[in-house]
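A.B. asks: Quick note: the sequence shown uses our numbering, first residue 458, plus one each step. The beta carbon of each residue, even a glycine, is placed where N, CA and C say it ideally should be.
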Amino acid sequence: MIEVVGLGPGDPDLVTVAAVKRLRGAEVVYVPVSTSSERGLAERIVRTYTEAEVRRIPFKMGHTDAETLRRAARELSSAGDVVYAQLGDPALYGTFAKLRQYLSTSFRYVPGVTSVTACALYAGRELVSGDGAVAVVPATRQELLGLALSHFDVVVVVKANKNIDIINAALRRRGGIAVKRCYMDDATISQEITWNDYFTTAYIWGGGR
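Next up, the structure:
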């Protein structure tokens, strides 16, 4: 059995009680790491809560080839009862989703705090209230941005280190905020994106009403 645990937006204090219980009860914890860095943020959070053996699974930001995923899935499937810990919430853009189709063992999820909501609150803003509508769009899907802005009250652009000029144009035209690495030591809030960082979320006010 694999326990798939969401670690939240990057602050160890925002890891849920359920996630901490799973981490402390584990003998082995798998974490995804970027192939461009030796240690990932997920691993640092995991080590805050457990002395279990930590094993790394390499991922490339944006795309990991099928053979790498199959190899990782084989290891996970044969590892017994383990925890797979990833940033955010497993339901939204989680790395485990890429592995799931290759697994030959059972798994269950432990939800985490998603950066979609956390970064808005870090900036002191609620997303929507009442019958407000919100859309979540990855920065790579620029063809959807204009459509979403026409139909939703708030558009959340995640992984906003791509198409920055297009996002900034929408921020200037519609209004909104950009948040980098919310609840981390180098967190930044701005009315436009002046950096290039994968952990960036933009909130653009739409014209849904």
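Hey, residue 459 and residue 541: beta-carbon distance below 8 Å or not?
C.D. replies: The answer is yes: Cβ separation under 8 Å.
A.B. asks: Exposed or buried, residue 494, counting other C-beta atoms within 10 Å across all chains shown (16 or more means buried)?
C.D. replies: At residue 494 the pLDDT is 49, less than 50, meaning the model places this residue with poor confidence and gives no usable figure here.
A.B. asks: When burial is assigned at 16 or more other CB atoms within 10 Å of the CB, is residue 648 buried or exposed?
C.D. replies: Exposed.
A.B. asks: Please report the residue range of the alpha helix (DSSP H) in which residue 572 lies.
C.D. replies: It spans 572-579 - the alpha helix (DSSP H) in which residue 572 sits, taken as one unbroken run.
A.B. asks: Which residue's Cα is closest to the Cα of residue 483: 638, 497, 503?
C.D. replies: Of the candidates 638, 497, 503, the one whose C-alpha sits nearest the C-alpha of residue 483 is 503.
A.B. asks: Using the Cα positions of residue 538 and residue 600, report the straight-line distance between them to the nearest angstrom.
C.D. replies: Spanning the two alpha carbons is a distance of roughly 42 Å.
A.B. asks: Determine the DSSP secondary structure at residue 463, reduced to helix, strand or coil.
C.D. replies: Of the three classes helix, strand and coil, the one that applies to residue 463 here is strand, per DSSP.
A.B. asks: On the three-state DSSP scale, how would you describe residue 658?
C.D. replies: If DSSP states are grouped into helix, strand and coil, residue 658 belongs with the strands.
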